[in-house]
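Asks:
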Amino acid sequence: MATTLAPGVIERKHGVASNVLAKNIGWFGSLVMLADGITGPGVVLLPLAYQTTGWVGMVSLIVICSVMSAVTILFLAESMSKVPGNSNFEGRLTYLQLVKTYMTPVSYRCVFATYIFWTMGMNVSSIVMSAQVFDNVLLTSGKACALELAPRFAHHVCISAAESDTEDSIFGDAWVVSVGYLVLAFVTIPFGFLDLSENISYQCVTFVGLLIVYFIWCGYFLSLDIDFSQLPAIGESGNALGFVLFNFAFVVITPEWINEKSSEVDIPKSLAIAVTLGGLLLMVPAA
């Protein structure tokens with residue numbers, strides 16, 4: 107007598123977690139997820155990198171990183187398909203599970219620790235940059251407020267544009283919990299309780315918003331009297347690699363996409379389109 111699993115129940119086949127629910131991330135959702143992973147918070151730093159490194163070096167780095175990222179993801183997909191019980195990606199195999207399958211226990215622990223620190227670093231930097239954007243929006247419309255934690259504990263502070271420190275944070279060197287941070291937490295935390303296939307529609311909406319912002323940027327910059335002398339072909343600084351890699355660090359999250367994508371989605375074709383689009387988004391507006 108056949109056993110019927112209730113919806114959402116996980117069964118294990120040869121160590122691979124398999125969910126009976128359909129994998130429903132289609133072509134557009136796949137494109138959005140991959141392109142979103144490339145156009146991360148490091149985008150805001152790229153104009154400076156272009157000016158200091160030169161457009162030849164930056165374009166070359168973006169092209170090289172695009173190709174290397176796509177090839178790496180294809181290798182990851184191939185490795186996932188070689189795990190027993192997952193030849194057609196019918197299971198759900200995370201990045202760390204994949205590492206544990208192929209590497210020694212010592213190597214796995216090293217990768218595990220590195221992965222955790224990398225994830226924390228990426229999340230913290232993304233949260234800080236996004237919260238600063240919200241605070242700057244509030245600042246342009248009046249005042250930005252925050253609860254200061256250090257050096258003055260539990261001190262309420264509100265500043266205007268004339269009082270802000272424009273070098274980095276608008277609150278200077280103080281450690282604060284800003285209104286922008288609270289708004290960001292209010293918007294994003296609920297989506298943390300959803301799995302990838304459930305919040306892909308939210309990512310699609312934000313990606314469309316990203317494209318709208320990019321077109322606005324491009325239109326605004328083209329309307330200005332652009333001084334091309336500030337964009338040399340070859341710059342003096344060679345520190346652009348970190349800026350570019352900050353945007354292409356999405357490779358380790360792609361196993362989650364492979365786990366949830368529809369069987370109709372072709373991995374090489376999706377990668378080619380997404381990486382090309384992501385690379386263009388990094389080149390055109392930043393230059």
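Per this note's numbering, residue 107 is the first one in the sequence shown, and the count goes up by one each step.
We put the beta carbon where it would ideally sit given N, CA and C, even for glycine.
These figures come from a predicted structure and were not determined experimentally.
(1) Please classify Glu-362: does DSSP put it in a helix, a strand, or coil?
(2) Quick check on this structure: which residue in Val-169, Gln-157, Ser-136 has the alpha carbon closest to the alpha carbon of Thr-382?
(3) Please report the distance separating the alpha-carbon of Arg-96 from that of Phe-218.
(4) When the Cα atoms are used, what is the spatial distance from Val-138 to Ser-172?
(5) Residue range of the beta strand (DSSP E) that Ile-265 falls in?
(6) Quick check on Leu-245: buried or exposed, where buried means 16 or more other Cβ atoms within 10 Å of its Cβ?
(7) Should the region 223-241 be regarded as contacting the region 278-288, the criterion being three or more beta carbon pairs within less than 8 angstroms?
(8) For the candidate residues Ser-335, Glu-370, Ser-231, Thr-210, whose alpha-carbon lies nearest to that of Gly-135?
(9) Hey, would you say Thr-145 sits closer than 8 angstroms to Gly-325, going by beta carbons?
(10) Which residue comes first and which comes last in the alpha helix (DSSP H) that contains Ala-355?
(11) If we require 3 or more residues per run, which beta strand (DSSP E) segments fall completely within the region 279-336?
(12) DSSP puts Ile-131 in a beta bridge; with which residues?
(13) For the beta strand (DSSP E) holding Glu-184, just list the boundary residues, first then last.
(14) Residues bridged to Cys-251 by DSSP?
(15) Got a sec? Which residues, its chain only, sit under 7 angstroms from Val-162 by beta carbon, not counting five neighbours each side?
(16) How many angstroms separate the CA atom of Gly-278 from the CA atom of Ser-270?
(17) Who are the near neighbours of Phe-354 in its chain, counting only those whose CB is closer than 6 angstroms to its CB and skipping five residues on each side?
Replies: Reading from the atomic positions:
(1) helix
(2) Val-169
(3) Any property of residue 96 remains undetermined from this structure, which presents the chain solely from 107 to 393.
(4) 16 angstroms
(5) 261-265
(6) buried
(7) yes
(8) Glu-370
(9) no
(10) Where Ala-355 is concerned, there is no enclosing alpha helix (DSSP H), given that its DSSP letter is neither H nor E.
(11) 281-284
(12) Lys-367
(13) Segment 161-187 is the alpha helix (DSSP H) holding Glu-184; no beta strand (DSSP E) there.
(14) Cys-264
(15) Ala-339, Ile-340
(16) 7 angstroms
(17) Cys-171, Ser-175
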